[in-house]
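Mapping of the sequence shown onto the UniProt record's numbering: residues 1 to 517, in sequence order. Every residue gets a Cβ at the ideal spot worked out from N, C-alpha and C, and that includes glycine.
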Amino acid sequence: MRKFFQDLSQKIQLRRMSGYSVSELWPNPAAGRLPVLSDFAKQQLVLCKELAKPSHQPDAVDLEAFMSISDRFPIPFGTDAGRVKSQPVERRPHIRQQIASAYPIIHEQVLFLYMNFLEHKLKFGNPKELSVYKNLTLPEFVQRLLEKRCVYFVGMLDDFMLLDGTHGYGGFEQTGTMNESAPLELKNVLSYDEIKLSALLYASTHSEFINDGSRTNAGRVEQDKSRIETNGIIMGLIGSRFGRSNVMECEDILITREQNTANRGYGYSGSAENRVQDYRRLWRQFYEEPKDFRYNDVQADGKRFIQLKHDIKFDKQVMGKRFAISFDTLLLEAEARAASAGKPAYIHVVGIGLGVWKVSDQQEEIFLATFEQRLRALSAKLTHIGVVHFSWFHLDKWGGLFDGACIEEPAHPQGGIQVRISVRNPADKLKEPMLPIVTYAWDGNALPGNEFWSKSLDSSSDPAAACSTLIAELLNAHINKDYMSGNNLHIASMQHGVLHISDYAEKLLNDVAARDL
Numbered sequence: 001m002r003k004f005f006q007d008l009s010q011k012i013q014l015r016r017m018s019g020y021s022v023s024e025l026w027p028n029p030a031a032g033r034l035p036v037l038s039d040f041a042k043q044q045l046v047l048c049k050e051l052a053k054p055s056h057q058p059d060a061v062d063l064e065a066f067m068s069i070s071d072r073f074p075i076p077f078g079t080d081a082g083r084v085k086s087q088p089v090e091r092r093p094h095i096r097q098q099i100a101s102a103y104p105i106i107h108e109q110v111l112f113l114y115m116n117f118l119e120h121k122l123k124f125g126n127p128k129e130l131s132v133y134k135n136l137t138l139p140e141f142v143q144r145l146l147e148k149r150c151v152y153f154v155g156m157l158d159d160f161m162l163l164d165g166t167h168g169y170g171g172f173e174q175t176g177t178m179n180e181s182a183p184l185e186l187k188n189v190l191s192y193d194e195i196k197l198s199a200l201l202y203a204s205t206h207s208e209f210i211n212d213g214s215r216t217n218a219g220r221v222e223q224d225k226s227r228i229e230t231n232g233i234i235m236g237l238i239g240s241r242f243g244r245s246n247v248m249e250c251e252d253i254l255i256t257r258e259q260n261t262a263n264r265g266y267g268y269s270g271s272a273e274n275r276v277q278d279y280r281r282l283w284r285q286f287y288e289e290p291k292d293f294r295y296n297d298v299q300a301d302g303k304r305f306i307q308l309k310h311d312i313k314f315d316k317q318v319m320g321k322r323f324a325i326s327f328d329t330l331l332l333e334a335e336a337r338a339a340s341a342g343k344p345a346y347i348h349v350v351g352i353g354l355g356v357w358k359v360s361d362q363q364e365e366i367f368l369a370t371f372e373q374r375l376r377a378l379s380a381k382l383t384h385i386g387v388v389h390f391s392w393f394h395l396d397k398w399g400g401l402f403d404g405a406c407i408e409e410p411a412h413p414q415g416g417i418q419v420r421i422s423v424r425n426p427a428d429k430l431k432e433p434m435l436p437i438v439t440y441a442w443d444g445n446a447l448p449g450n451e452f453w454s455k456s457l458d459s460s461s462d463p464a465a466a467c468s469t470l471i472a473e474l475l476n477a478h479i480n481k482d483y484m485s486g487n488n489l490h491i492a493s494m495q496h497g498v499l500h501i502s503d504y505a506e507k508l509l510n511d512v513a514a515r516d517l
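Put into structure tokens, the structure is as follows:
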């Protein structure tokens with residue numbers, strides 16, 4: 001009874017502090033609802049079910065061929081310290097295993113979003129779009145999201161470099177329209193519609209840790225290995241990007257006079273009559289919101305909606321849902337990796353989307369409130385997660401999260417998941433034998449490392465990760481071709497855990513067939 005009132009008190013406190021109702025679970029792991037699949041989606045899943053999985057045996061990895069592909073990569077590396085060829089020869093058997101452990105991963109809700117997006121483009125796409133999407137399968141679409149991204153993509157001006165070395169600023173709003181121009185054509189690069197989808201596609205691998213991963217490590221090789229964890233999991237997550245108006249998460253979370261109009265498809269519910277209405281339907285269905293809003297529909301009440309500068313309103317509820325997709329994917333992936341390794345996970349959490357992309361100080365509050373919600377919602381499925389450590393946050397307490405807290409769970413071997421909030425480096429030595437799960441803030445339109453490729457090695461956690469691990473090669477679809485590929489897509493499922501897309505497709509088709517009997 002005491003625990004019940006403690007939990008209730010924490011929920012009330014969260015509502016008072018953030019206005020975000022933790023009682024409204026989304027996604028709800030207990031709901032058990034199967035999606036309604038269109039004929040198009042079923043056809044896509046049948047194709048996914050037939051995919052052959054790459055071998056995860058280290059002997060299947062030709063290390064010499066891998067290093068040769070890396071040497072032919074057209075863009076110079078920010079530093080060679082994190083390349084396979086620079087690692088001690090005695091580590092090569094382990095590195096083969098690490099190469100074979102890499103894969104792209106999405107939440108199951110994102111899988112349905114991707115299929116709906118492809119169907120939307122087939123119905124409403126212009127000739128430029130149809131030339132790309134007409135016969136595209138789901139794995140091929142994921143491959144496109146991995147391969148057609150820029151080398152780096154930085155700042156509010158969209159400073160970019162392409163794989164052929166072309167450099168420029170902006171212009172991606174026109175990509176995929178009939179007004180697009182070289183080199184930013186849909187056949188070569190991602191449109192902003194796709195960058196938004198790519199921001200929900202994450203990457204995970206085992207890797208060497210060559211230093212502590214600090215922001216300023218710049219590829220320094222740690223000589224005293226007793227000071228660091230020398231290997232673990234590194235996972236790229238992507239936060240919401242509010243740097244450009246009327247694109248990406250701005251479309252769903254910000255309410256502005258310019259953006260939230262009938263001409264842009266806002267304010268409708270039910271079936272769509274045209275392209276812009278159907279595009280908004282796509283995202284309403286993803287977030288399971290009954291409608292989205294025109295500007296005058298919304299009052300900044302300080303609860304769900306808050307007022308920002310320049311007549312911009314901010315939807316905290318949808319912001320929480322966007323965070324939830326990232327956190328679920330991380331937690332389910334950490335659970336799977338730790339269970340496979342046979343030791344508990346120590347998750348190093350960084351504040352994705354809470355740096356230069358942030359538009360409200362309340363985003364950190366929503367981040368922590370949502371993370372606690374997802375920990376509690378999934379706790380019975382997270383019995384291999386030992387510690388979640390929030391590092392470099394401004395807040396040292398929010399709701400039931402504080403340094404030394406425990407997310408209690410009867411099924412957990414230690415009674416629950418321990419919480420830490422303090423400043424630490426990603427690969428600092430742990431006090432107990434655990435599996436480090438290190439997250440870093442990636443970008444939906446850049447290769448792993450982002451600014452790393454412009455030699456800006458200490459500008460964010462993205463290049464810092466590329467300077468301290470092997471992700472510039474292992475999570476690079478142009479180099480680790482067999483494993484960082486659409487054909488090796490993994491799905492994070494609240495019911496089934498983490499599965500290869502072929503296994504997930506088979507389970508889903510069987511479940512839907514049984515329901516529809």
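* Asked: What residue from Q373, L190, N487 and L499 has the CA that sits closest to E50's CA?
  -> Residue numbering aside, residue 50 sits at position 50 when the sequence shown is read from its first letter. Residue N487 is the option with its Cα nearest to E50.
* Going by C-alpha distance, which of H394, E119 and L378 is nearest Q362? -> The sequence position of residue 362 within the sequence shown is 362, counting from 1. The candidate whose alpha carbon is nearest that of Q362 is H394.
* Taking the alpha carbon of W357 as the point to measure from, which residue in V154, K42 and P463 has its own alpha carbon closest? -> Position 357 of the sequence shown holds residue 357. Here the closest residue by C-alpha is V154.
* Grab me the residues of I325's own chain with a C-beta within less than 7 Å of its C-beta, minus the 5 sequence neighbours each way, in chain order. => By 1-based counting over the sequence shown, the position of residue 325 is 325. Excluding sequence neighbours, I325 sits near H107, Q109, V110 and L200.
* To do: Label M156 either buried or exposed according to how many other C-beta atoms from any shown protein chain fall within 10 Å of its C-beta, with 16 as the threshold for buried.
  => Indexing the sequence shown from 1 puts residue 156 at position 156. Classification for M156: exposed.
* Would Y504 be called buried (16 or more neighbouring beta carbons within 10 Å of its own) or exposed? -> Stepping through the sequence shown from its first residue, residue 504 is reached at position 504. With at least 16 other beta carbons inside 10 angstroms of its own, Y504 counts as buried.
* Asked: So, is M434 buried or exposed, given that buried needs 16 or more other C-beta atoms within 10 angstroms?
  -> Taking the sequence shown and counting its residues from 1, one reaches residue 434 at position 434. M434 is buried by the Cβ-count criterion.
* Of all the options S191, E222 and I366, which has the alpha carbon lying nearest to the alpha carbon of M178? -> For the purposes of this step, residue 178 is taken as residue 178 along the sequence shown, with counting starting at 1. M178 has its Cα closest to that of S191, out of S191, E222 and I366.
* **Assigned secondary structure, P127 (DSSP; H/G/I helix, E/B strand, else coil)** => Position 127 of the sequence shown, counted from the start, is the residue given in the question as residue 127. If DSSP states are grouped into helix, strand and coil, P127 belongs with the helices.
* Asked: Pick from A380, R280, I255 and L254: whose alpha carbon is nearest that of L332?
  -> The count along the sequence shown starts at 1 and reaches residue 332 at position 332. For the residues A380, R280, I255 and L254, the minimum Cα distance to L332 belongs to A380.
* To do: Measure the beta-carbon distance from Y483 to A465 and round it to whole angstroms, keeping in mind my assumption that it falls under 8 Å.
  => On the sequence shown, residue 483 is found 483 positions in, with the first residue counted as 1. On the sequence shown, residue 465 is found 465 positions in, with the first residue counted as 1. Not really, about 18 Å apart at Cβ, beyond 8 Å.
* Excluding the five sequence neighbours on either side, which residues of its own chain have a C-beta within less than 8 Å of the C-beta of R91, listed in chain order? -> Position 91 of the sequence shown holds residue 91. Correct list, in chain order: E208.
* Asked: Within 7 Å: the Cβ of S101 and any heavy atom of the ligand MG?
  -> Absence of the ligand MG is noted for the structure shown, with no ligands found whatsoever.
* Asked: What three-state label does DSSP hand N260 in the structure shown?
  -> Position 260 of the sequence shown, counted from the start, is the residue given in the question as residue 260. In the structure shown, N260 sits in coil (DSSP, three-state: anything other than H, G, I, E or B).
* To do: Please report the Cβ distance between K429 and S226, rounded to the nearest whole angstrom; I am assuming they are in contact, meaning their Cβ atoms lie under 8 Å.
  => Along the sequence shown, read from residue 1 onward, the residue named residue 429 stands at position 429. Along the sequence shown, read from residue 1 onward, the residue named residue 226 stands at position 226. Correct: roughly 7 Å between the Cβ atoms.
* Asked: Would you call the CB atoms of Q259 and Y268 closer than 8 Å?
  -> Counting from one through the sequence shown, the residue named residue 259 turns up at place 259. Counting from one through the sequence shown, the residue named residue 268 turns up at place 268. Not in contact: Q259 and Y268 (Cβ atoms no closer than 8 Å).
* Proximity to A477 [Cα-Cα], best of T205, N126 and G171 -> Position 477 of the sequence shown holds residue 477. In terms of CA proximity to A477, T205 leads the group T205, N126 and G171.
* To do: Use the C-beta contact count for E64: other C-beta atoms within 10 angstroms, 16 or more gives buried, fewer gives exposed.
  => Reading the sequence shown from its first residue, position 64 is the one you call residue 64. Under this definition E64 is an exposed residue.
* Residues of its chain near K507, where Cβ-Cβ distance is below 7 Å and the 5 sequence neighbours each way are ignored -> Here residue 507 refers to the residue found at position 507 when the sequence shown is read from its first residue. Cβ within range, chain order: H496.
* Note down the Cα distance separating G168 from R149, rounded to an integer number of angstroms. => Residue numbering aside, residue 168 sits at position 168 when the sequence shown is read from its first letter. Residue numbering aside, residue 149 sits at position 149 when the sequence shown is read from its first letter. Their backbone Cα atoms lie some 14 Å apart in a straight line.
* **Uninterrupted beta strand (DSSP E) stretches inside the segment 456-502 (no shorter than 3 residues)** => The segment 456-502 contains these whole beta strand (DSSP E) runs: 490-493 and 497-500.
* Asked: Between Y114 and N450, which are expected to be in contact by the criterion C-beta below 8 Å, what is the C-beta distance as a whole number of angstroms?
  -> Translated into positions along the sequence shown, residue 114 becomes position 114. Translated into positions along the sequence shown, residue 450 becomes position 450. 23 Å between Cβ atoms; not a contact.
* Whose C-alpha, out of G236, D403 and W442, is nearest the C-alpha of A334? -> What you label residue 334 is simply residue 334 of the sequence shown in a count that begins at 1. For A334, the nearest C-alpha among the options comes from G236.
* Asked: Opposite F112 in the DSSP bridges: which residues?
  -> What you label residue 112 is simply residue 112 of the sequence shown in a count that begins at 1. In the DSSP output, where bridge partners are listed per residue, F112 has none listed.
* Cβ neighbours of I417 in the same chain (closer than 8 Å, five flanking residues each side left out) -> Working through the sequence shown from its first residue, we reach residue 417 at position 417. L375, S379, L382, I385, G386, V387, V388, C406, I407 and E409.
* Asked: Which of helix, strand or coil does DSSP assign to E208?
  -> Stepping through the sequence shown from its first residue, residue 208 is reached at position 208. In this structure, E208 counts as strand in the three-state DSSP scheme.
* To do: Mind reading off the beta-carbon distance from Q373 to L25? Whole number of angstroms is fine, and I expect it under 8 Å.
  => Numbered from 1 along the sequence shown, position 373 holds the residue referred to as residue 373. Numbered from 1 along the sequence shown, position 25 holds the residue referred to as residue 25. By a beta-carbon distance limit of 8 Å, Q373 contacts L25. Their separation comes to about 7 Å.
* In whole angstroms, what is the alpha-carbon distance linking D297 and E364? -> Taking the sequence shown and counting its residues from 1, the one referred to as residue 297 is at position 297. Taking the sequence shown and counting its residues from 1, the one referred to as residue 364 is at position 364. Near 26 Å, if we compare the C-alpha coordinates of E364 and D297.
* To do: Identify which residue in F112, I366, D328 and Q299 has its Cα closest to the Cα of V498.
  => Taking the sequence shown and counting its residues from 1, the one referred to as residue 498 is at position 498. Considering only alpha carbons, the answer is D328.
* To do: Return the CA-CA distance between F305 and I366, expressed in angstroms with no decimal places.
  => Stepping through the sequence shown from its first residue, residue 305 is reached at position 305. Stepping through the sequence shown from its first residue, residue 366 is reached at position 366. Straight-line Cα distance between these residues: approximately 12 Å.
* Nearest neighbour of K321, chosen from S468, N135, Q285 and P54 [CA to CA] -> On the sequence shown, residue 321 is found 321 positions in, with the first residue counted as 1. Closest by alpha carbon: Q285.
* G165 classed as buried or exposed, judged by whether at least 16 other C-beta atoms fall within 10 angstroms -> Looking up residue 165 in the sequence shown gives position 165. Its Cβ having fewer than 16 others within 10 Å, G165 is exposed.
* **Rounded separation between A102 and A52 - CA only** => The sequence position of residue 102 within the sequence shown is 102, counting from 1. The sequence position of residue 52 within the sequence shown is 52, counting from 1. Approximately 16 Å, taken between the alpha carbons.
* Provide the residue span of the beta strand (DSSP E) that contains D159, from first to last. => For the purposes of this step, residue 159 is taken as the residue at position 159 of the sequence shown. Start and end: D159 to M161.
* How about T469 and G82: do their beta carbons lie closer than 8 Å? -> As a working mapping, residue 469 is identified with position 469 in the sequence shown. As a working mapping, residue 82 is identified with position 82 in the sequence shown. The answer is yes: Cβ separation under 8 Å.
* How about L395: is its C-beta nearer than 8 Å to some C-beta of chain D? -> Considering every chain present, this structure includes no chain D. It has just one protein chain.
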